[in-house]
Amino acid sequence: MEAKEFPILLEAQGSALANESVDLTLTVQEKVKSINFEDGMRVHKGDLILELENDTEKVELEQALINRDEAKREYERIAGLYRSHIASQKDYDVQKTAYDRSVLLVDIAQNALNDRILKAPFDGILGIRRVSPGDLVTPGSLITTLDDITRIKVDFTVPEKYFAQMAPGMTFTGYNSAYPDHPFEGVVTTVSVRLNDVTRSVQIRGEIENPDNGRGGYLLRPGMLLSLSVKLAPQTVVVIPEKAVQSLGEIQYIFILREDGSVERREIETGIRRDGFVQIVKGASAGERYIDEGVNKLKDGMKVRLTETEEN
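Going letter by letter, the sequence shown gives residues 308 to 619 in this note's numbering.
This is how it looks when you write it as structure tokens:
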């Protein structure tokens, strides 16, 4: 049994998330005037997606703009007279207040109109359309979804004992059953500051640049399950061939060859498995001899005789 540098690959399961994701809704009750998108359509930030009936709001905004411009002209006239000491302070203050109020009313009218227009908040791909022209939508009604999947976020957890080894910038590889031969390379972006006090695990977030599928879309989609391998720094650990490890229920053990030639069945705790070897975390030390052939026939305390080529 020997201690050697052992590559540690931490296995985990993660869920794919969109880089940005939102349910598109509106905050007012009104009928749908026009729809400016198709299912699965790519849009850019600021693109018009849907418009509700807004003729009244447009008229009110136009009236507010006219009133503001008129109030501005009068304010500038009074301000000029005030600087020439012709108009009084009171006249100046009254007109200044009237102008400020007209500016505020324009903002109110503009917001009322904006509430009836839905625009894309970021670049992405729209989902399935949930409304039709003429539908009466209410506050919170789902219009469609918008997802940015140029990058995929992946959330997964690792046991507490690996917490100190996790850091932003580490790389990992992900696999999905839809693409069994396609590895997806990612980078850890965040290590949670909190550990789960029940599972004693820490949440990790990573990102994967989503490859193009050659048909104008992307390979990975939100909701996919990814099998992840995180490459940790190599460690010098005690390892043993997997075939030398036996199991009895949840108990794992090996047979240690004592100095007097007898055999001891030793309970062990195992760790990472790699390339036919398994890490021994507890129960055996480097330098001890073990038996890995014919272990099913061995009994604790029995005497064995090994030739030089059979010894391990």
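Ideal Cβ placement from N, Cα and C applies to all residues, glycine included.
Query                                                                                               : Result
Reference A310, options D599, I598 and F584, closest by Cα                                          : F584
Element boundaries [beta strand (DSSP E), containing T363]                                          : Where T363 is concerned, there is no enclosing beta strand (DSSP E), although the alpha helix (DSSP H) it sits in stretches over D362 to R390.
Straight-line gap, Y486 to G493 (C-alpha atoms, nearest Å)                                          : 16 Å
CA-to-CA distance, K365 to S448, given in whole angstroms                                           : 23 Å
Coil, strand or helix - S508 by DSSP                                                                : strand
Three or more C-beta pairs below 8 Å linking the stretch 368 to 379 and the stretch 410 to 429      : yes
Distance, L331 Cα to V350 Cα                                                                        : 13 Å
Nearest neighbour of M477, chosen from G523, K538, A593 and R380 [CA to CA]                         : K538
Under the three-state DSSP convention, the category F429 falls into                                 : coil
Inter-residue Cα distance where the pair is S534 and I315                                           : 16 Å
Collapsed DSSP secondary structure at D422 in the structure displayed                               : coil
Same chain, Cβ closer than 8 Å to S439, neighbours up to 5 away in sequence not counted             : V339 and I342
Endpoints, beta strand (DSSP E) assigned at E576                                                    : V570 to R581
Simplified DSSP state of A405, which is helix, strand or coil                                       : helix
The stretch 421 to 431 / the stretch 384 to 399 touching (three or more Cβ pairs under 8 Å)         : no
Of the residues S569, G578, I450 and Q553, the one placed nearest Y469, counting alpha carbons only : G578
Burial state of R507, where buried means 16 or more other Cβ atoms lie within 10 Å                  : exposed
C-beta contact flag for I256 and E514 at 8 Å                                                        : Nothing about residue 256 can be read from this structure; the chain reaches only from 308 to 619.
Coil, strand or helix - L411 by DSSP                                                                : helix
Same chain, Cβ closer than 6 Å to F344, five either side skipped, listed in chain order             : I356 and L433
Rounded straight-line distance, which links the Cα of L564 to that of N544                          : Position check: residue 544 holds Val in this sequence, whereas Asn was assumed. If I take the Cα positions, the gap works out to 20 Å.
Three-way DSSP call (helix, strand, coil) for T616 in this model                                    : With a pLDDT of 38 at T616, under the threshold of 50, the predicted position of this residue should be treated as unreliable, though the coordinate-derived value follows. Helix, per DSSP.
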